[in-house]
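A.B. asks: Before I ask anything, here is the structure I am working with.
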Amino acid sequence: MVRVSTSRDTVGVMTRDVHDARLLDRVLAGPHARAATPLRRVPRAVLPAPLWEDLDPQVEHVCRAACERLSVAGWELVERALPGFSWHDVLRSATLVPAHETRCALAGYLTRHPAAPEVDDVLRAVSSEDVRDLVLPLLGGGGPGRTAYEEALNSARLLASRLDALRRREGAHVLLAPATTLPAPGKDMGAALVRPSGEASTFLTYIRNTAVAAVTGSPSITVPAGHTASGLPVGLLLDAAPGADTMLLDVAERAADLLTGRGSA
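As numbered in the working numbering, residues 59 to 323 make up the sequence shown, in order.
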């Protein structure tokens with residue numbers, strides 16, 4: 059496990075279902091695990107408008123249908139605007155902060171291992187095309203400066219504050235959105251793709267909605283929402299407030315059971 063961001067690094071897990079994620083959470087927490095507190099009411103979720111914009115029609119159809127199933131089961135779903143929200147700021151923070159921290163984090167890791175390669179050698183060896191585009195500017199000590207780094211951190215803190223205020227104001231357990239704006243990509247997908255607005259980065263396009271939780275330090279989980287007409291899986295993203303991991307797992311478990319036909323609200 060190699061660190062790349064001292065302020066963001068979190069190990070994400072892929073499990074068969076939310077039940078397995080809950081089990082893993084209990085194992086990792088050990089004797090310090092908090093007992094789950096049953097929800098006293100049906101789950102309430104906010105659908106933030108920016109996270110539902112510019113979606114592939116198939117993704118939107120599947121996710122809207124999933125939300126309708128949750129609503130019919132008794133969930134309270136409300137759509138809300140996010141004044142002052144900027145995708146430019148979110149994605150800038152999502153990429154600039156790790157870019158500033160990666161070189162030092164990687165150097166610290168390598169110094170603990172005798173005969174380890176140099177940082178630049180590791181960066182040059184990155185094989186993923188989209189990741190290479192992010193790390194090659196760091197060669198020779200390059201990368202974002204301190205001022206830009208601090209601005210990106212402040213932008214992330216402001217967004218976190220606004221989302222926390224939204225959750226409190228609405229009494230919401232989670233924010234709800236499509237996990238990605240496009241269906242799952244094919245194995246031959248390149249570093250760039252064409253959208254109605256023009257050519258775009260594949261990496262930034264696919265991390266768009268998940269970047270919100272990453273930059274705000276919020277627990278986040280994706281549950282199956284359904285499939286496109288061609289059978290590609292579509293995910294529904296649930297983001298909770300920082301520290302609300304156990305509650306998020308409870309809500310996600312309910313959502314997944316409903317959407318897979320295994321449970322009720």
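We put the CB at the ideal spot given by N, CA and C, even for glycine. Note that this is a predicted model, so its numbers are computed, not measured.
(1) Leaving out five residues on either side along the sequence, give the residues of the same chain with a beta carbon under 6 Å from the beta carbon of THR280.
(2) Taking 9 Å as the cut-off, decide whether the C-beta atoms of ALA152 and LEU307 are in contact.
(3) Using DSSP's beta-bridge definition, name the partner residues of GLY301.
(4) Distance check for ALA157 and TYR207, CA to CA, integer angstroms please.
(5) Out of TRP110, ALA165, TRP145 and ARG127, point me to the one whose CA is closest to GLU137's CA.
(6) For LEU97, which of ALA314, THR304 and THR260 has the nearest alpha-carbon?
(7) Per the DSSP calculation, ALA258 is bridged to which residue(s)?
(8) Consult DSSP for HIS231 and reduce its assignment to one of helix, strand or coil.
(9) Here's the rule: buried if 16 or more other CB atoms are within 10 angstroms of the residue's CB, otherwise exposed. What is PRO106?
(10) By Cβ distance, which residues of its chain are closer than 6 Å to VAL76, with the 5 residues on each side in sequence left out?
(11) Which two residues bound the contiguous beta strand (DSSP E) that contains GLY132?
(12) Any chance the region 210-223 sits against the region 270-279, with 3 or more Cβ pairs inside 8 Å?
(13) Using 10 angstroms around the beta-carbon of THR169, count the other beta-carbons present and answer buried if the total reaches 16, otherwise exposed.
C.D. replies: On the basis of the supplied data:
(1) Only residues of its own chain outside the window of five on either side were considered, and among them ALA237, GLY293 and LEU295 have a CB closer than 6 Å to the CB of THR280, listed in chain order.
(2) LEU307 is positioned such that its CB atom lies no closer than 9 Å to that of ALA152.
(3) Per DSSP, none; premise fails for GLY301.
(4) TYR207 and ALA157: Cα-Cα distance of roughly 9 Å.
(5) The residue with the shortest Cα to Cα distance from GLU137 is TRP110.
(6) By alpha-carbon distance to LEU97, the top candidate from ALA314, THR304 and THR260 is THR304.
(7) LEU251, per the DSSP bridge assignment.
(8) Three-state DSSP puts HIS231 in coil, outside helix and strand.
(9) Label assigned to PRO106: buried.
(10) Cβ within range, chain order: ALA310, GLU311 and ALA314.
(11) Per DSSP, GLY132 belongs to no beta strand (DSSP E) and is neither H nor E.
(12) Contact check between the region 210-223 and the region 270-279: three or more CB pairs, one atom from each, fall below 8 Å, which counts as touching.
(13) It is exposed - the Cβ of THR169 has fewer than 16 other Cβ atoms within 10 Å.
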